[in-house]
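Numbered by numbering that gives the first Met the number 0, the letters in the sequence shown go through residues 0 to 184 in order. From the three backbone atoms N, C-alpha and C, an ideal C-beta is built for every residue, glycine too. Okay, so here's the structure we're looking at.
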Amino acid sequence: MLKKLPIFNHIAAILPHYTTEGDTTTIITTDGKQTSTPTSIRTVLRRLAHSRAMDLTALRQHTNLATGQRILQPLPIAPGLVLCPMKTRIPKIAGDTSTGYINYHAVMGVAENNCNTYQAVITLTGETDIPIYWTTATVKKHLQSAKLAMSCTAQSSDSHPNLMPIAQKLVEIIYDILVLKHGKE
0 MLKKLPIFNH IAAILPHYTT EGDTTTIITT DGKQTSTPTS IRTVLRRLAH SRAMDLTALR
60 QHTNLATGQR ILQPLPIAPG LVLCPMKTRI PKIAGDTSTG YINYHAVMGV AENNCNTYQA
120 VITLTGETDI PIYWTTATVK KHLQSAKLAM SCTAQSSDSH PNLMPIAQKL VEIIYDILVL
180 KHGKE
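In structure tokens form, the structure reads like this:
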């Protein structure tokens, strides 16, 4: 069972999944590892948004204005996490979701599937293939919407995570200089 969500840019997909326990959510990371949680996809999305101090309703309204999509909008939650809705299953019970979310940044490719059930397959980093019920054209349209939503969303202050080690080293150097200066006096 999942107690802590993976780091944003390590999430490749969030998918609905039926198990013996019932309707669960599977989180796939960019290295291909899968973790199940008994919570719904909606709860996982809320937890992701809450960890970024975001309001999902406001985010959906913003992406609606940016993309023109009123339903199934992409969710640019973090600089490395832009969740794109995809139809990944047919619900067995009324009220269960059929929509999973794929991280735009984790998509390596989209291909047609010759199988009569799934029409497309998305390949993610970590060599994970996700079968999709939509056509490749529909999948590519949703990926384009995610790209548009990402470009219209303001980047937050943590959009440069590679600067943190440099900032820490700079603080260490300044500290060393101050220690040396006070040591000479």
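Check                                                                                                                             : Outcome
Residue 92, buried or exposed, once every other Cβ within 10 Å from all chains shown has been counted against 16                  : exposed
Burial state of residue 43 (16 or more Cβ within 10 Å)                                                                            : buried
Sub-8 Å separation of residue 73 and residue 82 beta-carbons                                                                      : yes
Straight-line gap, residue 98 to residue 151 (C-alpha atoms, nearest Å)                                                           : 24 Å
Inter-stretch contact (C-beta, 8 Å, three-pair minimum) for the region 8-15 and the region 102-109                                : yes
With 16 other Cβ atoms within 10 Å as the buried cut-off, status of residue 141                                                   : buried
Three-state secondary structure assigned by DSSP to residue 143                                                                   : helix
As assigned by DSSP and simplified to three states, the class of residue 71                                                       : coil
Chain-order list of residues whose beta-carbon lies under 8 Å from that of residue 143 (same chain, five-residue window excluded) : none
C-beta contact flag for residue 19 and residue 26 at 8 Å                                                                          : no
Residues sharing a beta bridge with residue 21, DSSP                                                                              : 18
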